[in-house]
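Numbering (my numbering), first residue to last: 716 to 997.
Data first, discussion second: the structure below is written as structure tokens.
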């Protein structure tokens, strides 16, 4: 039997996250409130990001509880934290997309708050709610026994991962922080999103492969910081690189990687680079 997702619980979690995000937007109207500065060129941290971190914890916790209730998870070996008197099983690969559904939506659409004003906040709420709901439902069906259902859910997760990656990469590139900070943030984000994607395969060295993706994106960020491209162009280039690398790794792990596929992804990266150069130099 293939149980349906608990939509009542999922909707409750989504509404809670959206309520918290709305509060963040109200606070973010005046970004100078409760702004912490650490001196030097270290980026300032506002209370908004502390609240976002709390929402991320809530979303990740809810996703972990929902997915571990799935019958298919009862036969899987999960990472375990030994507390001495008790052992806690966790499903960290299912935390990532729900967390980035909130982070990416907030970080990307707040860039347009000056031009779109209230509409930017509304779009962020719609995006966050849609991505969070979609990620929780798709993750449930991604471990379904039926191959057709499982494949469709995994394709949906891949599409959401790429959209969230674009939002995060663009938002970080927009800030024009020092490479030490921007490359670190993009590298960590890419590694986490790659881990979420590659966890759908049967690979055992997921951490190493995800770290490789993160390091590659971090090095690419270092190069892009010397290029006067818009944040959307920078985000698109990083997304193309992320997509190419993760797709090649997935193909290799699933045994579907051929020379033709490698040429296709190489051509995709080349076309994206040429288009970006053309748009930048116009």
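Even for Gly, the Cβ is constructed at its ideal location relative to N, Cα and C.
None of the values given here were measured: they were computed from a predicted structure.
- In this structure residue 906 is buried. Its beta-carbon is surrounded by 16 or more other beta-carbon atoms within 10 angstroms.
- Residue burial annotation: residue 888 is buried, with at least 16 other C-beta atoms found within 10 angstroms of its C-beta.
- The DSSP-derived three-state label of residue 832 is coil.
- The residue from 892, 866, 726 and 787 with its alpha-carbon nearest to that of residue 774 is 726.
- Distances from the alpha-carbon of residue 876 to those of 945, 721, 787 and 853 put 853 closest.
- CA-CA distance, residue 822 to residue 768, rounds to 12 Å.
- With the rule of 3 Cβ pairs closer than 8 Å, the segment 832–848 counts as touching the segment 807–821.
- In the three-state DSSP reduction, residue 862 falls in the helix class (H, G or I).
- Approximately 13 Å separates the beta-carbon atoms of residue 777 and residue 733; this is outside 8 Å, ruling out the contact.
- A check of alpha carbon separations from residue 913 across 974, 968, 986 and 825 identifies 968 as the nearest.
- Here residue 925 is near residue 909, since their CB atoms are less than 7 Å apart.
- The Cβ atoms of residue 781 and residue 880 do not sit closer than 7 Å to each other.
- Only residues of its own chain outside the window of five on either side were considered, and among them 720, 864, 865, 867 and 868 have a CB closer than 8 Å to the CB of residue 856, listed in chain order.
- DSSP places residue 892 outside both helix and strand once states are collapsed to three, so it counts as coil.
- Residues of the same chain with a CB within less than 6 Å of the CB of residue 950, apart from the 5 flanking positions on each side, are 881, 884, 885 and 888 in chain order.
- For residue 785, there is no enclosing alpha helix (DSSP H), since its DSSP letter is neither H nor E.
- With respect to the C-alpha of residue 810, the residue from 779, 828 and 837 having the closest C-alpha is 779.
- Counting along the chain, residue 826 sits inside no alpha helix (DSSP H), nor does DSSP assign it H or E at all.
- Distances from the alpha-carbon of residue 772 to those of 738, 784, 741 and 731 put 731 closest.
- Relative to the Cα of residue 916, the nearest Cα in the group 858, 942, 891 and 900 belongs to 858.
- Counting of Cβ neighbours within 10 angstroms places residue 723 among the exposed residues, the total staying below 16.
- Using a Cβ distance threshold of 7 Å, residue 932 and residue 966 do not count as a contacting pair.
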